[in-house]
Amino acid sequence: MSQSTFKRKAHKGFFTRCLQALPSSAEAHDANRITIAFFCLGGLYLLGELSPSDKDRQDWTEWIWSLQSPEGGFAGSPHAPKVQGHLPSTYTALCCLALLGSPMDRLDKPALRRFLKSCQAEDGSFAPTPDTEGMFQNDARMSYCAVVCGTVADSGTEGEGRTGGFNKQKAAEYLRRCQTWEGGFASRPGVVEAQGGMTYCALSSLALLGELKGNTELEEEATRWLSQRQIGGFQGRPGKLEDVCYSFWCGGALAALGHSDLVNEEPNTAFLLNSQSPLGGFGKAPEDYPDPFHSYLALTALAMTPAREQLGLAEIDPVWNLAPEMRDRLLKPVP
Ligand SMILES: [Zn+2]
Numbered sequence: 520m521s522q523s524t525f526k527r528k529a530h531k532g533f534f535t536r537c538l539q540a541l542p543s544s545a546e547a548h549d550a551n552r553i554t555i556a557f558f559c560l561g562g563l564y565l566l567g568e569l570s571p572s573d574k575d576r577q578d579w580t581e582w583i584w585s586l587q588s589p590e591g592g593f594a595g596s597p598h599a600p601k602v603q604g605h606l607p608s609t610y611t612a613l614c615c616l617a618l619l620g621s622p623m624d625r626l627d628k629p630a631l632r633r634f635l636k637s638c639q640a641e642d643g644s645f646a647p648t649p650d651t652e653g654m655f656q657n658d659a660r661m662s663y664c665a666v667v668c669g670t671v672a673d674s675g676t677e678g679e680g681r682t683g684g685f686n687k688q689k690a691a692e693y694l695r696r697c698q699t700w701e702g703g704f705a706s707r708p709g710v711v712e713a714q715g716g717m718t719y720c721a722l723s724s725l726a727l728l729g730e731l732k733g734n735t736e737l738e739e740e741a742t743r744w745l746s747q748r749q750i751g752g753f754q755g756r757p758g759k760l761e762d763v764c765y766s767f768w769c770g771g772a773l774a775a776l777g778h779s780d781l782v783n784e785e786p787n788t789a790f791l792l793n794s795q796s797p798l799g800g801f802g803k804a805p806e807d808y809p810d811p812f813h814s815y816l817a818l819t820a821l822a823m824t825p826a827r828e829q830l831g832l833a834e835i836d837p838v839w840n841l842a843p844e845m846r847d848r849l850l851k852p853v854p
């Protein structure tokens, strides 16, 4: 069944319900909660419907700041033995604080730089925490979180101070080594199969690092691989079914490369709208149950289409996976 009308009200209800399931104080003991909060707050913002009560806004903001570790970064949970920084939680905490309009004056940038440096491995990759044993969790997603956090940590500093605390050259080399013979990027060097989400993380990180400079072989091969992922909506790798999240991962990666023009908009938009749930939110494909992750990424994907204004969605900066206004809040120097 085609669902070409945009179910704005139902989506607002979906994100609001998911947010209410979150604790307003320190009851949380699940690192996923900060991530779910990001998808819900970000989704409501894109809909132009992010207007929590003053009390909710204050409670959520204080909850997130309470997760900042004295050693830098943010924890996913206040119930760990001590508040210890966790890289993906740090990324989503910063995005949530921007969405909630919290000034960044409480962000301990020197500690954040030290934290990022301590997560970086010799090969340029990043671990989720400084004391993660082994490197099995180091991948392009961790690099993306580190590069975004490092860019925020650098805002307000000039010239040689803009290191994010870590070795940017090595970080970029690691990401380039994730590119496979197919043209897309894998989770880590040596993994054979490229994947849409990893390709987004690698290319957006390289863009933020100032390492995507136009017309290199790397970019041409990535562009070809990404545009071949469209089969109406986008698939994450050859031979797989289309899934709304890849309209963002692949579409966002093409945007980072300056090739949004290669997206065939009509079938992409139709697939996204057909994946709306009658109850609000989006599943990964039509008839699937909605979840906050696919719902947020479906909206960010729609925000990159020519239908954006007609649907009444805010703009998105594809590389940041945030509205330009939110990106600027994160980068605004603190007086
Ligand atoms: Zn998906």
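Residues in the sequence shown are numbered consecutively from 520, following the numbering used here. Note that beta-carbon positions come from the ideal geometry of N, C-alpha and C, so glycine has one too.
Measure the CB-CB distance between T718 and A772 and report whether it falls below 7 Å. Stepping through the sequence shown from its first residue, residue 718 is reached at position 199. Stepping through the sequence shown from its first residue, residue 772 is reached at position 253. In contact: T718 and A772 (Cβ atoms closer than 7 Å).
Could you compute how far the alpha carbon of W582 sits from the alpha carbon of E736? The residue given as residue 582 occupies position 63 in the sequence shown. The residue given as residue 736 occupies position 217 in the sequence shown. Looking at the two C-alpha atoms, the distance is approximately 46 Å.
Residue range of the alpha helix (DSSP H) that includes R696: Working through the sequence shown from its first residue, we reach residue 696 at position 177. Note, R696: premise wrong, no alpha helix (DSSP H); not H, not E.
Since C615 and I553 are thought to touch, with beta carbons under 8 Å apart, how far apart are those beta carbons, to the nearest angstrom? For this step, residue 615 is matched to residue 96 along the sequence shown. For this step, residue 553 is matched to residue 34 along the sequence shown. C615 to I553, Cβ: 7 Å. Contact.
Relative to ligand 1, is the shortest distance from any of its heavy atoms to the C-beta of C764 smaller than 6 Å? Reading the sequence shown from its first residue, position 245 is the one you call residue 764. Flag set: Cβ of C764 near ligand 1.
Would you identify the three-state DSSP class for L841, choosing helix, strand or coil? Here residue 841 corresponds to residue number 322 of the sequence shown, with the count starting at 1. L841: strand per DSSP, three-state reduction.
Report yes if the CB atom of F753 is closer than 7 Å to the CB atom of E761, and no otherwise. The sequence position of residue 753 within the sequence shown is 234, counting from 1. The sequence position of residue 761 within the sequence shown is 242, counting from 1. Against a cut-off of 7 Å, the Cβ pair of E761 and F753 comes out as a contact.
By how many angstroms is the C-alpha of Y663 removed from the C-alpha of D673? For the purposes of this step, residue 673 is taken as the residue at position 154 of the sequence shown. For the purposes of this step, residue 663 is taken as the residue at position 144 of the sequence shown. The straight-line gap from Cα to Cα measures roughly 15 Å.
Among Y693, G716, K687, E692, which has the Cα closest to the Cα of G703? Residue mapping note: residue 703 aligns to position 184 of the sequence shown, counting from 1. Of the listed residues, the one whose Cα sits closest to G703 is G716.
Is it buried or exposed, G799, if we count other Cβ atoms within 10 angstroms and call 16 or more buried? Taking the first residue of the sequence shown as position 1, residue 799 is located at position 280. Burial call: buried.
Considering only their Cβ atoms, is the gap separating F767 from T699 smaller than 7 Å? Mapped onto the sequence shown, residue 699 falls at position 180. Mapped onto the sequence shown, residue 767 falls at position 248. No, these two residues do not count as a Cβ contact at 7 Å.
Using DSSP's beta-bridge definition, name the partner residues of Q754. One-based indexing of the sequence shown puts residue 754 at position 235. E761, per the DSSP bridge assignment.
Check whether K687 and L631 have beta carbons under 7 Å apart: For the purposes of this step, residue 687 is taken as the residue at position 168 of the sequence shown. For the purposes of this step, residue 631 is taken as the residue at position 112 of the sequence shown. No. Outside cutoff.
Starting from H813, trace the alpha helix (DSSP H) both ways and give me its first and last residue. What you label residue 813 is simply residue 294 of the sequence shown in a count that begins at 1. Its alpha helix (DSSP H) spans residues 811 to 822.
Are the beta-carbon atoms belonging to V763 and F812 less than 7 Å from one another? Within the sequence shown, residue 763 is the residue found at index 244, counting from 1. Within the sequence shown, residue 812 is the residue found at index 293, counting from 1. In this structure, F812 does not lie closer than 7 Å to V763 by Cβ.
F473, DSSP secondary structure in three states: Limits of the chain in this structure are 520 at one end and 854 at the other, which puts residue 473 out of reach.
Looking at K933 and ligand 1, is the gap between the Cβ and the nearest heavy atom below 6 Å? Since the displayed the chain opens at 520 and closes at 854, residue 933 lies outside it and no answer follows.
On the DSSP bridge list, what partners appear for Q749? Locating residue 749 in the sequence shown gives position 230, counting from the first residue. Beta-bridge pairing links Q749 to F753.
Should the segment 647 to 666 be called in touch with the segment 825 to 832, which here means at least 3 C-beta pairs below 8 Å? no
Where does P622 land, buried or exposed, given buried means 16+ other C-beta within 10 angstroms? In the sequence shown, residue 622 corresponds to position 103, counting from 1. Exposed, since its Cβ has fewer than 16 Cβ neighbours within 10 Å.
Residue closest to S644, alpha-carbon to alpha-carbon, out of L618, S723, F685: Here residue 644 is taken as the residue at index 125 of the sequence shown, counted from 1. Of the listed residues, the one whose Cα sits closest to S644 is F685.
Simplified DSSP assignment, three categories, for A547: Counting from 1 along the sequence shown, the entry for residue 547 is found at position 28. With a pLDDT of 46 at A547, under the threshold of 50, the modelled position of that residue is not reliable, and the figure given next carries that caveat. Residue state, collapsed to three classes: coil.
With distances taken from CA atoms, which of L626, G669, L722 is nearest Q587? Walking along the sequence shown from the start, residue 587 turns up at place 68. When only C-alpha atoms are compared, the closest one is L626.
Which residue wins for smallest C-alpha separation from M661, given the options E641, G669, A646? Here the question's residue 661 lines up with position 142 in the sequence shown. Measuring from the Cα of M661, the nearest candidate turns out to be A646.
According to DSSP, D836 sits in a beta bridge with which residue or residues? By one-based count along the sequence shown, residue 836 stands at place 317. In the DSSP output, where bridge partners are listed per residue, D836 has L841.
For Y765, which residues from the same chain have a beta carbon less than 8 Å from its beta carbon, with the 5 sequence-adjacent residues on both sides left out? Within the sequence shown, residue 765 is the residue found at index 246, counting from 1. Same-chain partners within the cutoff: G715, G716, R748, G752, F753, Q754, G755.
Below 7 Å between beta carbons: does that hold for A617 and R848? Translated into the one-based positions of the sequence shown, residue 617 becomes position 98. Translated into the one-based positions of the sequence shown, residue 848 becomes position 329. Yes, the pair counts as a contact, with Cβ atoms nearer than the cut-off.
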